[in-house]
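Novice:
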Amino acid sequence: MKTITIDPITRLEGHGKISIVLDDAGNVADAYVQIPELRGFEKFCVGRPVEEMPRITTRICGVCPEAHMMASAKTCDAVYHVDLPRTARMLRELLYVIFYVTDHATHFYALGGPDFVMGPDAPAAERNILGVIHKVGLEIGRKVIGMRGACHELIKMMAGRSVHPIGALPGGMSKGMTKEERDLVLKTGKEAVEFGKFSIGIFNQIVLANKQYVDLILSDSFTHHTYNMGLVDEKNLVNFYDGEVRVTGPDGREHAKFKPADYLEYLVEHVEPWTYLKFPVLRKIGWKGLVDGPASGIYKATPLSRLNVSDGMATPLANEEHDRMYQTLGGKPVHQTLATHWARLVELLYAAERWVELASEPEITGPQYRVVPDKTPDEGVGVVEAPRGTLYHHYKTDERGIVREANLIVGTTNNNGAINLSVKKAAMAFIKDGQVNDGLLNIVEMAFRAYDPCFGCATHAWPGQGPFHIRVFDRGGRLVHDLRR
Amino acid sequence: MSKPKFALYWAASCGGCEIAFLDIREKLLDFDAAAELVFCPCVMDAKYKDVEGMADGEIDVTLFNGGIRNEENLHIAKLLRQKSKVLVAFGSCAYEGCIPGLANLTTKEEILDYVYRQSPSVAAGNQVLPQTRTETPTGPLTLPALFEVLRPLDQVVDVDYRMPGCPPVADQIWAVAEAALTGKLPAKGSVVGVNPKTVCDECKRKKEEKKIKAFHRPHLVDPRDIDPVKCLLEQGIICNGPAVRAGCGALCPQVNLGCRGCYGPAEGVQDLGAKLAGSIASIIDSDDPAEIDRIVGEILDPVGTFYRFGLAGSLVGRRLK
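Note that the protein sequences, when read in sequence, are chains U and X.
FYI, the numbering for the first sequence is 2 to 486, going by this note's numbering.
FYI, the numbering for the second sequence is 258 to 578, going by this note's numbering.
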């Protein structure tokens, strides 16, 4: 027996290592994706005023802070039993789809894309965004950088900061939108639609026109038959910000459709001793080990899953692209993990189109960007689709709105079981007779990269609260104030 | 002449520092022309073994973000110290612990117990905890041990510069990168990527006399009642601006929310939490002890508010037993 480790795994969010165990013949006996850290968020939110949660939980992840801010703000709304005015709700969703454009662009061009643009076995030093820019040209590089920058500027304008934005509060947003701001948002949104079309064009040209890549996408080595999960609107169309959670089986039939507040009836987390990351599975089926198929509770919550569980996209261009993808790949559901890259670009286009729709609504500049909650806070669940999967926040508070318990299931954690399955299968397919090299190991890494995992998010977990005491003395040494928690 | 070598590493962090670095936008192309990025797990494929293979001091500048939460973080901090000429504690986590440092209010055991046993989504009755070594039929699997507390970088290795911010804003990142590329970094030990004075000095809101009769939680104030130009603190909305170092451009008050202090203590402030508790207490407009008690009581979470970013690096550093 010999163990090969890939440490750290790269072009992702956060920490992870892959351990591949070879038998005496040099073939793969086992493979694990191990997550080596836990930052301990889950308890230290206890004691915090609930309205601070949207600006604390962002620090779970600096890549998708908007997802945590939104899930947290929706949880605050639920805790306070407050319904948002239409303007407030639209401002939140608008900010969120702007974020989706930049986030999906980051993955396609900087994290996952280099494997296709440069080639899976290109020299390691070239498999990155700078390699991509050198290869495709500075002009395209500037276009991508410009689009990401424009999105971040708008996020800063709407919510104060471009990384770790803060604008969401219980009851809405901390600031409304002026007509001048709306004009800029709308103009940039139209550019984002063009950018979405352009990115799909690049995918067609570089990936779909290359038979080797298409074969790789369709190969059994990157295929797993699992359940899928995603948020859908009342017409079962994909929605990132709101809706019900729909789960479909490996055969595509509906397994469950539930309201976010009922998540504990449908999900349960399993713990393994060799990784800090938990394994959520469907509660009614349960944990059956790291296996796929209808008898295993393992599911995926990815861009591809969201498309698989839906009846389509709510905007015209994205829906056309959705149809083209499923026609090409043989209908729903698609289980080929690498097709997630394509699904992500369909979503990018949808986000851009939805951006233009929302920015075109006259009410977006209305005065009702926030209402003051008037009910007693107690408990709530808030769910959004993070780019990397369904994100659940759940808080219990006292009657003043001080957090007493916080529980989270984040995007990537949903996919822990599936990522392990994918990496093991790819390792078994590509590592044979002891033949290992950097290119082959990178192909194994491509199995996790399709999920765009964020192990930073996944290792949040927050602890608590101890007695803390500040005593303030004046210059004469007299106790002026005695602050206790 | 070969280009200077840079590394950008994350320990117990969120990835926001990497995104902030990408936020220098078209300057990335200038950076690429002037420097070589040799290690950055977020965006490129160099592995730990590649760093181990480097000569001591081979990396010119390492921007190290994230705190030290486990054995792996510590090991890589020491490795990068050895391989780097200049080591920068980059961003709030490495500088002073940041929000993950609030975990020092609890213990490792409490964290593990909640996450793997008490959480309502964990399988009922689960007793399994992650182990540093697990025997499997095909051999052992190992994980790094968690430490009791989170430590800022300078508590485990010698640090040349500190750069605050959660995350540092892009303009400041480029300014520091440019200074590093042109050999214009200030004296070792300096705090870099900041402006003089405090967030209040950068804030566009109008400041008059600070005398308040009540503190208000931001979501409980009607938006129509928030004055868009007046200092938030003067409106009774808690803002850490008076004692926090300038450098971000006073971003948070521009969207009607108070500063929480991600740029750390201003020059000369030894303990930000203590300083803020003092300065906030001093603006209470009352001599009546009962009224003062009521007003102070409206600050619901002094630790989580005043030590939001700096607990792990503060004089106290962790929960006292």
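Don't be surprised by glycine CBs; every beta carbon is placed ideally from N, CA and C.
Say the cut is 6 Å; is the CB of X:Val-526 nearer than that to a heavy atom of the ligand FAD?
Specialist: You won't find the ligand FAD in this model; it holds no ligand whatsoever.
Novice: According to the neighbour-count rule (16 or more other Cβ atoms, all chains shown, within 10 Å of its Cβ), is X:Gln-492 buried or exposed?
Specialist: The residue in question, X:Gln-492, is buried, as its Cβ has 16 or more Cβ neighbours within 10 Å.
Novice: With DSSP as the reference, label U:Tyr-370 as helix, strand or coil.
Specialist: Coil.
Novice: How about X:His-473: is its C-beta nearer than 7 Å to some C-beta of chain U?
Specialist: No, X:His-473 does not count as interfacial toward chain U.
Novice: Under the three-state reduction of DSSP, which class applies to U:Thr-227: helix, strand or coil?
Specialist: Reduced to three states, the DSSP call for U:Thr-227 is coil.
Novice: Please list the residues of the region 338-365 of chain U that have a C-beta atom closer than 7 Å to any C-beta atom in chain X, keeping them in chain order.
Specialist: Those residues of the region 338-365 of chain U that come within reach of chain X (Cβ to Cβ, closer than 7 Å) do not exist; the list is empty.
Novice: For U:Glu-127, which residues of its own chain have a beta-carbon under 6 Å away from its beta-carbon, when the five flanking residues on both sides are left out?
Specialist: Correct list, in chain order: Met-119.
Novice: On a Cα-Cα basis, can you pick out the residue from U:Leu-359, U:Val-310, U:Tyr-393, U:Thr-316 that is closest to U:His-336?
Specialist: For the residues U:Leu-359, U:Val-310, U:Tyr-393, U:Thr-316, the minimum Cα distance to U:His-336 belongs to U:Val-310.
Novice: For X:Pro-397, report the span of its beta strand (DSSP E) as first-last.
Specialist: Run containing X:Pro-397: 396-399, per the beta strand (DSSP E) assignment.
Novice: Counting only Cβ-Cβ distances shorter than 8 Å, please list the residues of the region 125-147 of chain U near chain X, keeping chain order.
Specialist: Here the close residues are Ala-125, Ala-126, Arg-128, Asn-129, Ile-130, Leu-131, Ile-134, Leu-139, Gly-142, Arg-143, Ile-146, Gly-147.
Novice: Here's the rule: buried if 16 or more other CB atoms are within 10 angstroms of the residue's CB, otherwise exposed. What is X:Ala-547?
Specialist: Answer is exposed; the Cβ neighbour count stays below 16.
Novice: Roughly how many whole angstroms lie between the Cα atoms of U:Gln-328 and U:Trp-343?
Specialist: Roughly 13 Å between the two C-alpha positions.
Novice: Can you give me the start and stop residues for the beta strand (DSSP E) that U:Lys-258 sits inside?
Specialist: Run containing U:Lys-258: 255-259, per the beta strand (DSSP E) assignment.
Novice: Could you name the residues of the same chain whose beta carbon sits closer than 7 Å to that of U:Gly-440, not counting the 5 residues immediately before and after it, in chain order?
Specialist: Excluding sequence neighbours, U:Gly-440 sits near Pro-121, Asp-122.
Novice: Do you know how far the Cα of U:Lys-433 is from the Cα of X:Gln-339?
Specialist: Rounded to whole angstroms, X:Gln-339 to U:Lys-433 spans 37 Å at the Cα level.
Novice: Given that a residue counts as buried once 16 or more other Cβ atoms are within 10 Å of its Cβ, and exposed if not, what is X:Asp-280?
Specialist: Buried, since its Cβ has 16 or more Cβ neighbours within 10 Å.
Novice: Please confirm whether U:Tyr-228 has its beta-carbon closer than 7 Å to some beta-carbon of chain X.
Specialist: False, the Cβ-Cβ gap to chain X never drops below 7 Å.
Novice: I want to see whether chain U comes within less than 7 Å of X:Val-300, judged by CB atoms only; does it?
Specialist: Yes, its Cβ sits closer than 7 Å to a Cβ of chain U.
Novice: Spatial neighbours of U:Ala-262 within its chain, please: C-beta separation below 6 Å, excluding the five flanking residues on both sides.
Specialist: Within the same chain, U:Ala-262 has close Cβ partners Val-382.
Novice: Could you name the residues of the same chain whose beta carbon sits closer than 6 Å to that of X:Pro-522, not counting the 5 residues immediately before and after it, in chain order?
Specialist: Correct list, in chain order: Leu-529.
Novice: Can you give me the start and stop residues for the alpha helix (DSSP H) that X:Ile-368 sits inside?
Specialist: Per DSSP, X:Ile-368 belongs to the alpha helix (DSSP H) from 365-370.
Novice: Check for me: the beta strand (DSSP E) holding X:Val-456 runs from which residue to which?
Specialist: It is not in any beta strand (DSSP E) - X:Val-456 instead sits in the alpha helix (DSSP H) that spans 456-459.
Novice: Under 8 Å between beta-carbons, which chain X residues line up against U:Ala-257? List them in chain order, please.
Specialist: None at all; the shortest Cβ gap to chain X is about 16 Å.
Novice: Taking the Cβ atom as the reference point for each residue, do X:Val-501 and X:Cys-516 lie within a distance shorter than 7 Å?
Specialist: A contact, by the Cβ cut-off of 7 Å.
Novice: Under 7 Å Cβ-Cβ, which residues of chain X neighbour U:Cys-62?
Specialist: Residues of chain X passing the Cβ test: Cys-271, Gly-272.
Novice: Quick check: the Cα distance between U:Glu-192 and U:Val-145, rounded to an integer number of angstroms?
Specialist: The straight-line gap from Cα to Cα measures roughly 12 Å.
Novice: Mind checking U:Gln-206: buried by the 16 CB within 10 Å criterion, or exposed?
Specialist: Flag for U:Gln-206 reads exposed.
Novice: Assign U:Met-230 to one of two classes, buried (16 or more other C-beta atoms within 10 Å of its C-beta) or exposed (fewer than that).
Specialist: By the 10 Å Cβ count, U:Met-230 comes out buried.
Novice: Between the region 366-379 of chain X and the region 438-445 of chain X, are three or more C-beta pairs nearer than 8 Å?
Specialist: Counting Cβ pairs under 8 Å, fewer than three are found: no touch.
Novice: Going by the beta-carbon positions, is the gap between U:Arg-49 and X:Gly-561 smaller than 7 Å?
Specialist: It is a contact, given that the beta carbons lie within the stated cut-off.
Novice: My guess is that X:Pro-510 and X:Arg-462 are in contact by the Cβ rule of under 8 Å, so how many angstroms apart are they, rounded?
Specialist: Confirmed, about 6 Å.
Novice: Classify U:Pro-363 as buried or exposed, calling it buried when 16 or more other Cβ atoms lie within 10 Å of its own Cβ.
Specialist: U:Pro-363 comes out exposed.
Novice: Here's the rule: buried if 16 or more other CB atoms are within 10 angstroms of the residue's CB, otherwise exposed. What is U:Ala-111?
Specialist: When all chains shown are included, U:Ala-111 counts as buried.
Novice: What residues from chain X crowd round U:Pro-274, counting only those whose CB sits closer than 8 Å?
Specialist: Simply Val-385, Leu-386, Pro-387, Gln-388, Thr-391.
Novice: X:Leu-557 by DSSP, collapsed to three states: which one?
Specialist: Residue state, collapsed to three classes: coil.
Novice: Can you find the residues in the same chain that come closer than 6 Å, C-beta to C-beta, to U:Val-248, ignoring five residues on each side of it along the sequence?
Specialist: Once the five neighbours on either side are set aside, the close Cβ partners of U:Val-248 are Tyr-228, Met-230, His-256, Ala-257.
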